[in-house]
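The structure appears right after this line, and notes come after that.
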Amino acid sequence: MTVSRVLLVCWAALATLSVCTVVLAHVGATSLLSIAILLVAVGKAWLITDGFMEMRHAPRLWRRLMLSWALVLATVVGLTLVSFR
Amino acid sequence: MSTSAESTGVTQRHLPGDLAMWFFILAELSVFAILILAFAVTQALKPQMFSESRLLLNTSTGLAMTLSLLTAGLFAALAQEQVRRSRSRHGAVFLLMALLAASVYVVLKLTEYRHLLASGLGMEHNTFFTLYWILTGFHFLHVLLGMFILGWLAERCRRGLYDANTRSGFESGVLYWHMVDLIWVMLFPLVYVLS
Chain A
1 MTVSRVLLVC
11 WAALATLSVC
21 TVVLAHVGAT
31 SLLSIAILLV
41 AVGKAWLITD
51 GFMEMRHAPR
61 LWRRLMLSWA
71 LVLATVVGLT
81 LVSFR
Chain B
1001 MSTSAESTGV
1011 TQRHLPGDLA
1021 MWFFILAELS
1031 VFAILILAFA
1041 VTQALKPQMF
1051 SESRLLLNTS
1061 TGLAMTLSLL
1071 TAGLFAALAQ
1081 EQVRRSRSRH
1091 GAVFLLMALL
1101 AASVYVVLKL
1111 TEYRHLLASG
1121 LGMEHNTFFT
1131 LYWILTGFHF
1141 LHVLLGMFIL
1151 GWLAERCRRG
1161 LYDANTRSGF
1171 ESGVLYWHMV
1181 DLIWVMLFPL
1191 VYVLS
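If you're matching them up, the sequences are chains A and B in order. Here the first sequence stands for residues 1 to 85, where the numbers follow the numbering used here. Here the second sequence stands for residues 1001 to 1195, where the numbers follow the numbering used here.
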């Protein structure tokens, strides 16, 4: 697959996941849906990091640092929101 | 998913752009992480206020802003690919398309800001809107700086100053834009969606 095609696939996945976020929000407001929305956000962040920023070709330490930003942030946000319910 | 680099057997790992830009990106991500966590903690403490205030925001507008930023990111990445092939003029065209897509975000955001201010939902309205203005306003400033950088890169591409061998500065500029995208995809669900 050419680089341009990889980028287009990433963009299409990002757009689809963005629509999914809004659809999930309209389904309801439960803890499970909040976690699903946060997981979608992490997926989008990883697509940007590995796809657009090309971290899939970067040294592992930098790649892990960048991928963990979204994961750690979403985990802490999720725990904060769920634990106060 | 395999790319041309992988298919040609290139296995050496490479960090795009300048190392300094990566430290700058880490610093920026840390600042936004603190702001996003502050928003989440306050929401946990005042869930009723946040749920009611969030209803005053338009989720469809938030989605449209997301799509415009992501589209700008796609065009910026495509421009980078052109520069790597030493086709900087083509890169300039893609960067202009990225700027056009980013302009949609700016128009939508300014319209939203104007609507909120006209409705009396300024920074002092309540805690939700204080944090909303700080978080989205700070991000908006980053978008404007990112657009300035993309415009500057487009002009240098037009003059043929980047090619496959001299592209580190170009990659750093494009990385800044992707960072703006990255922050928004975490910010959008928290501010517009999560209740």
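Glycine is no exception: its CB is placed at the ideal position from the N, C-alpha and C atoms.
Contact annotation: in the segment 1044 to 1074 of chain B, residues whose CB is within less than 9 Å of a CB in chain A are Ala-1044, Leu-1045, Pro-1047, Ser-1051, Thr-1059, Ser-1060, Gly-1062, Leu-1063, Thr-1066, Leu-1067, Leu-1070, Thr-1071, Gly-1073 and Leu-1074. Its chain contains Leu-1099 as the residues whose beta carbon lies nearer than 7 Å to that of Gly-1151 (chain B), once the 5 sequence neighbours on both sides are disregarded; these appear in chain order. Linking Arg-1089 (chain B) to Val-1174 (chain B) through their CA atoms gives a straight-line distance of about 16 Å.
Between Asp-1181 (chain B) and Ser-1086 (chain B), the C-beta spacing is not below 8 Å. About 4 Å separates the Cβ atoms of Gly-1062 (chain B) and Tyr-1192 (chain B), confirming a contact at the 8 Å cut-off. Against chain A, the CB of Ile-1036 (chain B) has a partner CB under 8 Å away; the residue lies at that interface. Taking the beta carbon of His-1014 (chain B) as reference, the chain A residues within 9 Å of it are Glu-54, His-57, Ala-58 and Pro-59, listed in sequence order. Here the alpha carbon of Tyr-1113 (chain B) sits roughly 18 Å from the alpha carbon of Phe-1050 (chain B). By the criterion of at least three beta-carbon pairs nearer than 8 Å, the segment 66 to 79 of chain A is in contact with the segment 1027 to 1046 of chain B.
At least 8 Å separates the CB of Leu-32 (chain A) from every CB of chain B. Where Ser-1195 (chain B) is concerned, there is no enclosing alpha helix (DSSP H), because DSSP gives it neither an H nor an E.
Minimum Cα-Cα distance from Gly-1160 (chain B) among the listed residues B:Glu-1028, B:Gln-1082 and B:Ser-1060 corresponds to B:Gln-1082.
Taking 8 Å as the threshold, the shortest C-beta distance from Val-76 (chain A) to chain B falls below it. At a C-beta separation below 8 Å, Val-27 (chain A) has no neighbours in chain B, since its nearest C-beta there lies roughly 11 Å away.
Assigned with DSSP and collapsed to three states, His-1014 (chain B) falls in coil, not helix or strand. Spatial neighbours of Lys-44 (chain A) in its own chain (CB-CB distance under 6 Å, excluding positions within 5 residues in sequence) are listed in chain order as Leu-14 and Leu-17. Interface annotation, Ser-4 (chain A): in contact with chain B, CB-CB separation under 8 Å. At least one C-beta of chain B is nearer than 8 Å to the C-beta of Leu-65 (chain A). About 7 Å separates the beta carbons of Leu-1026 (chain B) and Leu-65 (chain A), which is inside the 8 Å limit, making them a contact pair.
Relative to the Cα of Leu-1069 (chain B), the nearest Cα in the group B:Leu-1121, B:Met-1179, B:Tyr-1132 and B:Leu-1029 belongs to B:Met-1179. In this structure, the straight-line span from the alpha carbon of Glu-1028 (chain B) to that of Ala-29 (chain A) is close to 31 Å.
If you draw a straight line from the Cα of Ala-1077 (chain B) to the Cα of Met-53 (chain A), it comes to about 8 Å. With the criterion set as a beta carbon lying under 7 Å from some beta carbon of chain A, the segment 1095 to 1107 of chain B has no members that meet it. Annotation: Cβ neighbours of Ser-1195 (chain B) in chain A (cutoff 8 Å, chain order): Ala-25, Ala-29 and Ser-34.
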